[in-house]
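Enquirer: Provided herewith is a single structure, encoded as structure tokens, for subsequent inquiry.
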Amino acid sequence: MKLTIGWLYPKQMSTYGDRGNVLTIFKRCEWRNIKVDVLEIDLKERIDPKSIDFYFFGGGQDVAQVEVSNDLHKYKKEALFEAVKLKATIFSICGGYQLLGKYYKTFESSEIPGLGLLDAFTVAGDKRMIGNIMIEANSSIPEKNIVGFENHSGKTYLGKNAVALGRVVIGNGNNGEDRTEGAMQDNVIGCYLHGPVLAKNPKFADYLIEKALSRKNKDFKLKKLDDSLEKATHETAIERSHNP
Amino acid sequence: MDPRFLTAKLSASILKTSLRLFGRGATAAPGLVAEYIDPNSLKKLSQYVSDIILVTGTNGKTTTARIIGSILENSNKKFIHNREGSNLMRGLIGSLISKTPIFPSNEKPIALLEVDEVTLPKVISQTSPSIIVINNLFRDQLDRYGEVETIRKIWVNTLRNLDESTIVILNSDDPSVAHLGNGLRGRVIYFGIEDKKYSLEGLPHASDFTSCIECGSELKYDIVYMSHIGRYKCQKCGLRRPKPDIFAEKIDLRDETGFKARISTPEGKFDIKTSIPGLYNVYNSLGAISAALALNISLQKIIQAFKGFEAAFGRTEVIDVAGKKLFLALAKNPTGFNELIRTIFTGRKKRYAFIAVNDLIADGKDVSWLWDVDFELMKGKVEKVWVSGMRATDMNLRLKYADIKVEGYNSNITQALESAYTNIPQGETLFVFPTYTPMLEIKKFLSEKGYSERFWED
Numbered sequence: 001m002k003l004t005i006g007w008l009y010p011k012q013m014s015t016y017g018d019r020g021n022v023l024t025i026f027k028r029c030e031w032r033n034i035k036v037d038v039l040e041i042d043l044k045e046r047i048d049p050k051s052i053d054f055y056f057f058g059g060g061q062d063v064a065q066v067e068v069s070n071d072l073h074k075y076k077k078e079a080l081f082e083a084v085k086l087k088a089t090i091f092s093i094c095g096g097y098q099l100l101g102k103y104y105k106t107f108e109s110s111e112i113p114g115l116g117l118l119d120a121f122t123v124a125g126d127k128r129m130i131g132n133i134m135i136e137a138n139s140s141i142p143e144k145n146i147v148g149f150e151n152h153s154g155k156t157y158l159g160k161n162a163v164a165l166g167r168v169v170i171g172n173g174n175n176g177e178d179r180t181e182g183a184m185q186d187n188v189i190g191c192y193l194h195g196p197v198l199a200k201n202p203k204f205a206d207y208l209i210e211k212a213l214s215r216k217n218k219d220f221k222l223k224k225l226d227d228s229l230e231k232a233t234h235e236t237a238i239e240r241s242h243n244p
Numbered sequence: 001m002d003p004r005f006l007t008a009k010l011s012a013s014i015l016k017t018s019l020r021l022f023g024r025g026a027t028a029a030p031g032l033v034a035e036y037i038d039p040n041s042l043k044k045l046s047q048y049v050s051d052i053i054l055v056t057g058t059n060g061k062t063t064t065a066r067i068i069g070s071i072l073e074n075s076n077k078k079f080i081h082n083r084e085g086s087n088l089m090r091g092l093i094g095s096l097i098s099k100t101p102i103f104p105s106n107e108k109p110i111a112l113l114e115v116d117e118v119t120l121p122k123v124i125s126q127t128s129p130s131i132i133v134i135n136n137l138f139r140d141q142l143d144r145y146g147e148v149e150t151i152r153k154i155w156v157n158t159l160r161n162l163d164e165s166t167i168v169i170l171n172s173d174d175p176s177v178a179h180l181g182n183g184l185r186g187r188v189i190y191f192g193i194e195d196k197k198y199s200l201e202g203l204p205h206a207s208d209f210t211s212c213i214e215c216g217s218e219l220k221y222d223i224v225y226m227s228h229i230g231r232y233k234c235q236k237c238g239l240r241r242p243k244p245d246i247f248a249e250k251i252d253l254r255d256e257t258g259f260k261a262r263i264s265t266p267e268g269k270f271d272i273k274t275s276i277p278g279l280y281n282v283y284n285s286l287g288a289i290s291a292a293l294a295l296n297i298s299l300q301k302i303i304q305a306f307k308g309f310e311a312a313f314g315r316t317e318v319i320d321v322a323g324k325k326l327f328l329a330l331a332k333n334p335t336g337f338n339e340l341i342r343t344i345f346t347g348r349k350k351r352y353a354f355i356a357v358n359d360l361i362a363d364g365k366d367v368s369w370l371w372d373v374d375f376e377l378m379k380g381k382v383e384k385v386w387v388s389g390m391r392a393t394d395m396n397l398r399l400k401y402a403d404i405k406v407e408g409y410n411s412n413i414t415q416a417l418e419s420a421y422t423n424i425p426q427g428e429t430l431f432v433f434p435t436y437t438p439m440l441e442i443k444k445f446l447s448e449k450g451y452s453e454r455f456w457e458d
């Protein structure tokens with residue numbers, strides 16, 4: 001059994017500890033004797049959609065958005081659409097999430113084009129939404145509450161083809177207005193949860209691993225791990241998120 | 001004298017005394033009172049001092065200011081330093097207010113102020129500093145300002161309006177800092193390192209400014225000292241690292257015990273040997289030497305000062321505790337922690353470690369950054385490690401994913417610390433890495449136990 005991870009723009013889009021998600025997937029597979037290859041996909045590099053099961057796309061600084069958007073359209077767009085057809089899983093956070101939506105409208109009203117893999121768009125906000133966040137995940141996710149840390153000024157709104165990852169219990173979420181957080185469409189998932197989110201929400205991590213592996217092995221089920229420390233961290237994070 | 005300001009100054013002085021009576025080492029409260037009574041306190045206080053030296057940057061502010069302090073002391077120059085740790089507006093006011101006489105005197109002291117990165121504009125709007133030292137800019141407490149780029153932009157706008165008389169001292173090896181020197185009215189001095197042998201193999205994960213600030217293309221590095229610090233150039237627009245005026249070469253890092261280096265300046269070369277460890281302290285030393293030279297202090301005095309220099313409060317400090325040693329070093333962001341790991345866990349000896357992480361405002365409420373630290377480099381180099389603090393479980397989990405087994409985790413910091421140092425052999429050192437508020441708690445605990453001086457009395 002093998003999982004191949006494509007890590008999109010690890011240099012530009014990895015400011016808030018998001019690489020911990022790649023490490024979490026890596027270790028949780030390794031502990032189950034599933035081999036993992038991690039391919040770092042940088043600017044100007046092309047993707048072979050047949051070989052990658054799981055894509056990770058993290059958050060960076062706002063200035064990187066334009067450069068990465070240009071690169072996505074020039075070098076990666078077709079391959080990522082093909083990847084979705086081939087049932088690969090794409091998991092994105094913050095800046096990565098925004099660029100998988102249709103566009104990001106800046107203050108100056110120019111639009112940074114996204115890929116449109118998610119039916120969502122983002123508008124620059126004047127207030128940065130920073131703080132602990134907890135959501136109640138939608139029923140397709142086995143983790144009831146997902147906890148993390150948000151840090152974004154963009155406000156994201158969902159179209160009808162995307163469903164929210166969950167409902168905000170504590171924090172702002174997509175836009176601070178409609179209590180939605182994150183988006184799901186086909187096998188593409190986006191959210192604003194740093195933390196890193198997969199490390200402290202292990203059922204969510206395993207859900208993504210299973211989804212990615214089921215591309216080649218239908219109905220694949222993961223073995224259970226001892227998650228007592230992960231659960232304790234999850235609980236601490238929830239407890240601390242009540243602390244303003 | 002302006003009565004409003006006099007009231008502010010007197011109230012603050014009274015408050016300062018009473019806080020000390022209760023044994024709290026805080027300096028912020030008196031400044032807060034003064035700032036409340038007179039918002040222009042800092043401007044008025046600046047009449048009480050001769051030169052103002054500001055030190056800022058993500059890491060190394062305290063140590064750099066302390067080295068400057070030792071050099072000033074050695075040159076018999078009177079100065080006021082906000083040594084007690086608060087580097088926000090009210091802390092600066094608090095320090096100046098309590099250390100200046102009620103009426104200005106003829107022999108004015110120098111104000112040596114370490115300043116929070118984002119407080120810099122406020123300080124500059126009320127004073128005209130003689131010297132500003134900027135050491136580096138890394139990701140740190142992103143829950144406060146969102147992005148490091150935000151801070152860089154604030155600096156650009158602030159420095160642009162400085163007087164011609166202000167000398168700006170910049171790290172040539174940090175592209176985000178070096179670029180600040182472009183287009184300034186006054187004199188700019190660059191400092192840096194010229195020693196290939198301490199280059200890393202490539203940029204570490206926690207690098208923030210790897211694209212050219214002028215044109216946005218990827219910078220090319222032929223040397224990386226840490227994070228995005230090194231010898232870089234842009235292949236597209238030709239931007240390159242400025243040649244440093246003052247630099248260190250022939251560096252010999254001696255694990256946690258200190259370093260030796262040859263310092264080259266326009267005034268001549270000299271060798272230094274210090275008890276402060278790590279490449280980051282080479283940069284702190286260079287920043288301080290540059291500031292001293294800008295003040296026209298002789299090389300002789302600088303060399304003398306280095307001979308007697310003690311590490312700054314809490315940044316790196318060794319304390320004897322019942323036949324064992326505690327090595328305390330503040331670890332509050334990825335690059336700071338990475339450099340501590342590189343300094344302490346890369347030798348042959350396995351070490352004992354204690355890590356305490358809180359998530360209060362002063363620590364940064366987001367603990368995601370722990371996953372940007374390369375704890376994997378500690379693997380196989382740790383004899384035992386304990387974790388503590390409000391986010392002990394997060395720290396424990398991070399180490400689990402780095403394949404490092406944790407001895408115990410207890411969120412009560414002083415209990416956990418006591419149990420850790422009790423459980424190491426006599427004569428051994430426990431390397432203690434707290435974020436900001438655990439550092440204060442540990443210092444207080446150790447001083448109550450009688451193991452260290454009350455920490456504001458120096």
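Those protein sequences? They're chains A and B, same order as listed.
The first sequence maps to residues 1 to 244 in my numbering.
The second sequence maps to residues 1 to 458 in my numbering.
Just so you know, even glycine gets a beta-carbon here, dropped at the ideal spot from N, CA and C.
Could I get the ranges of all uninterrupted beta strand (DSSP E) runs contained in the segment 31 to 56 of chain A, with 3 residues as the minimum, in chain order?
Expert: Segments of the beta strand (DSSP E) lying fully in the segment 31 to 56 of chain A: 35 to 41.
Enquirer: Does the beta carbon of Pro196 (chain A) sit closer than 7 Å to a beta carbon anywhere in chain B?
Expert: Looking up residue 196 (chain A) in the first sequence gives position 196. Output row for Pro196 (chain A): interface = yes.
Enquirer: Does Gln98 (chain A) get closer than 7 Å to chain B when you measure Cβ to Cβ?
Expert: Within the first sequence, the letter at position 98 stands for residue 98 (chain A). No, Gln98 (chain A) lies away from the interface with chain B (no Cβ there is under 7 Å from its Cβ).
Enquirer: Within the continuous beta strand (DSSP E) that includes Tyr409 (chain B), where are the two ends?
Expert: Here residue 409 (chain B) refers to the residue found at position 409 when the second sequence is read from its first residue. Unbroken beta strand (DSSP E) run through Tyr409 (chain B): 408 to 410.
Enquirer: Tell me the DSSP secondary structure of Asp480 (chain B) in three-state form.
Expert: Nothing about residue 480 (chain B) can be reported from this structure: the residues present for chain B run from 1 to 458 only.
Enquirer: Do Ala237 (chain A) and Val169 (chain A) have their CB atoms nearer than 7 Å?
Expert: Looking up residue 237 (chain A) in the first sequence gives position 237. Looking up residue 169 (chain A) in the first sequence gives position 169. Contact: no.
Enquirer: Out of curiosity, what's the CA-to-CA distance linking Met226 (chain B) and Lys35 (chain A)?
Expert: Residue numbering aside, residue 226 (chain B) sits at position 226 when the second sequence is read from its first letter. Residue numbering aside, residue 35 (chain A) sits at position 35 when the first sequence is read from its first letter. Rounded to the nearest angstrom, the two C-alpha atoms are 32 Å apart.
Enquirer: If contact means a Cβ-Cβ distance below 9 Å, which residues of the segment 136 to 147 of chain B contact chain A?
Expert: Residues Arg139, Leu142, Asp143, Arg144, Tyr145, Gly146, Glu147.
Enquirer: What number of angstroms, rounded off, separates the C-alpha of Lys155 (chain A) from the C-alpha of Pro204 (chain B)?
Expert: Mapped onto the first sequence, residue 155 (chain A) falls at position 155. Mapped onto the second sequence, residue 204 (chain B) falls at position 204. Rounded to the nearest angstrom, the two C-alpha atoms are 31 Å apart.
Enquirer: Roughly how many whole angstroms lie between the Cα atoms of Gly238 (chain B) and Ile53 (chain B)?
Expert: In the second sequence, counting from the first residue as 1, residue 238 (chain B) sits at position 238. In the second sequence, counting from the first residue as 1, residue 53 (chain B) sits at position 53. Their Cα atoms are separated by approximately 33 Å.
Enquirer: Classify Met1 (chain A) as buried or exposed, calling it buried when 16 or more other Cβ atoms lie within 10 Å of its own Cβ.
Expert: Taking the first sequence and counting its residues from 1, the one referred to as residue 1 (chain A) is at position 1. Label assigned to Met1 (chain A): exposed.
Enquirer: With DSSP as the reference, please indicate the residues paired to Trp466 (chain B) in a beta bridge.
Expert: There is simply no residue 466 (chain B) to check, as chain B begins at 1 and stops at 458 in what is shown.
Enquirer: Do you know offhand how far Gly176 (chain A)'s Cα is from Ile112 (chain A)'s?
Expert: Along the first sequence, one-based indexing puts residue 176 (chain A) at 176. Along the first sequence, one-based indexing puts residue 112 (chain A) at 112. Taking the straight line from one Cα to the other gives about 21 Å.
Enquirer: Between the segment 206 to 218 of chain B and chain A, which residues of the former have CB atoms less than 8 Å from a CB of the latter, in chain order?
Expert: Listed in sequence order: Ser207, Asp208, Thr210, Ser211, Gly216, Glu218.
Enquirer: For Tyr401 (chain B), return the contacting residues in chain A, with the cut-off set at a CB-CB distance below 8 Å.
Expert: Counting from one through the second sequence, the residue named residue 401 (chain B) turns up at place 401. Those within 8 Å of Tyr401 (chain B) in chain A are Gly20, Leu23, Thr24, Lys27, Ala199.
Enquirer: Which residues in chain B have a C-beta closer than 9 Å to the C-beta of Glu108 (chain A)? List them in chain order.
Expert: Position 108 of the first sequence, counted from the first residue, corresponds to residue 108 (chain A). Ordered by position in chain B, no residue passes the 9 Å Cβ test against Glu108 (chain A), which lies about 16 Å from the chain.
Enquirer: Which residues in the same chain as Tyr9 (chain A) place their Cβ atom closer than 6 Å to its Cβ, once the five residues preceding and following it in sequence are excluded?
Expert: Here residue 9 (chain A) corresponds to residue number 9 of the first sequence, with the count starting at 1. If we look at Tyr9 (chain A) and ignore the five residues flanking it on each side, its Cβ neighbours are Val68.
Enquirer: Name, going along the chain, the residues of the segment 120 to 151 of chain A whose beta-carbon falls closer than 8 Å to a beta-carbon of chain B.
Expert: Flagged, chain order: Arg128, Ile130, Gly131, Asn132, Phe149, Asn151.
Enquirer: Exposed or buried, what is His242 (chain A) when buried is set at 16 or more other beta-carbons lying within 10 Å of its beta-carbon?
Expert: For the purposes of this step, residue 242 (chain A) is taken as the residue at position 242 of the first sequence. By the neighbour-count rule (16 or more Cβ atoms within 10 Å), His242 (chain A) is not buried but exposed.
Enquirer: If I'm right that Val163 (chain A) touches Val84 (chain A) with Cβ under 8 Å, what's the distance once you round it to whole angstroms?
Expert: As a first step, residue 163 (chain A) must be located in the first sequence, where it is residue number 163. As a first step, residue 84 (chain A) must be located in the first sequence, where it is residue number 84. About 16 Å separates the two Cβ atoms, so there is no contact after all.
Enquirer: In three-state terms, what does DSSP make of Ile193 (chain B)?
Expert: Walking along the second sequence from the start, residue 193 (chain B) turns up at place 193. Reduced to three states, the DSSP call for Ile193 (chain B) is strand.
Enquirer: Less than 7 Å between C-beta atoms, sequence neighbours within five positions excluded: which residues of the same chain meet that for Ser411 (chain B)?
Expert: Along the second sequence, one-based indexing puts residue 411 (chain B) at 411. Closer than 7 Å at Cβ, skipping near neighbours: Ser388, Gly389, Met390, Ala392.
Enquirer: Does Tyr16 (chain A) get closer than 7 Å to chain D when you measure Cβ to Cβ?
Expert: Of the chains in the structure shown, none is chain D; the protein chains are A and B.
Enquirer: Using a Cβ cut-off of 7 Å (strictly closer), state whether Ala232 (chain A) contacts chain B.
Expert: Taking the first residue of the first sequence as position 1, residue 232 (chain A) is located at position 232. At least one chain B Cβ lies under 7 Å of Ala232 (chain A).
Enquirer: List the endpoints of the continuous beta strand (DSSP E) containing His81 (chain B).
Expert: For this step, residue 81 (chain B) is matched to residue 81 along the second sequence. Its beta strand (DSSP E) spans residues 79 to 81.
Enquirer: Tell me which residue opens and which closes the beta strand (DSSP E) that Thr56 (chain B) is part of.
Expert: To locate residue 56 (chain B), count along the second sequence from 1; it is residue 56. Taken as a continuous stretch (DSSP letters only), the beta strand (DSSP E) holding Thr56 (chain B) covers 52 to 56.
Enquirer: So which of A:Tyr75, A:Leu72, A:Leu99 has the shortest CA-CA distance to Ala183 (chain A)?
Expert: Position 183 of the first sequence, counted from the first residue, corresponds to residue 183 (chain A). Per the Cα distances, A:Leu99.
Enquirer: Under 7 Å between beta-carbons, which chain A residues line up against Leu180 (chain B)? List them in chain order, please.
Expert: In the second sequence, counting from the first residue as 1, residue 180 (chain B) sits at position 180. Under the 7 Å cutoff, chain A gives no residues; its nearest Cβ is about 17 Å from Leu180 (chain B).
Enquirer: How many Å lie between Arg254 (chain B) and Leu326 (chain B) at the Cα?
Expert: By 1-based counting over the second sequence, the position of residue 254 (chain B) is 254. By 1-based counting over the second sequence, the position of residue 326 (chain B) is 326. Taking the straight line from one Cα to the other gives about 18 Å.
Enquirer: Determine the closest residue to Ile5 (chain A) out of A:Arg240, A:Val22, A:Ser140, with distance taken between C-alpha atoms.
Expert: As a first step, residue 5 (chain A) must be located in the first sequence, where it is residue number 5. The residue with the shortest Cα to Cα distance from Ile5 (chain A) is A:Val22.
Enquirer: Rounding to the nearest angstrom, what Cα-Cα distance links Tyr207 (chain A) and Ile52 (chain A) in this structure?
Expert: The count along the first sequence starts at 1 and reaches residue 207 (chain A) at position 207. The count along the first sequence starts at 1 and reaches residue 52 (chain A) at position 52. Straight-line Cα distance between these residues: approximately 17 Å.
Enquirer: Just verifying my parser: in three-state terms, what is the DSSP assignment at Arg547 (chain B)?
Expert: Given that chain B is displayed from residue 1 to residue 458, the structure contains no residue 547 (chain B) and the question cannot be resolved.
Enquirer: Over the uninterrupted alpha helix (DSSP H) stretch that includes Glu78 (chain A), give me the two end residues.
Expert: Along the first sequence, one-based indexing puts residue 78 (chain A) at 78. Unbroken alpha helix (DSSP H) run through Glu78 (chain A): 77 to 85.
Enquirer: If you draw a straight line from the alpha carbon of Asn338 (chain B) to that of Asp2 (chain B), how long is it in whole angstroms?
Expert: The sequence position of residue 338 (chain B) within the second sequence is 338, counting from 1. The sequence position of residue 2 (chain B) within the second sequence is 2, counting from 1. Going by the C-alpha atoms only, they are around 50 Å apart.
Enquirer: Name, in chain order, the residues that DSSP records as bridge partners for Pro44 (chain B).
Expert: The residue you call residue 44 (chain B) lines up with position 44 of the second sequence. Contrary to the premise, residue 44 (chain B) reads as Lys rather than Pro in this sequence. Looking at the DSSP assignment, Lys44 (chain B) forms no beta bridge with any residue, so it has no partner.
Enquirer: When the Cα atoms are used, what is the spatial distance from Glu448 (chain B) to Val318 (chain B)?
Expert: The residue you call residue 448 (chain B) lines up with position 448 of the second sequence. The residue you call residue 318 (chain B) lines up with position 318 of the second sequence. One C-alpha to the other measures close to 17 Å.
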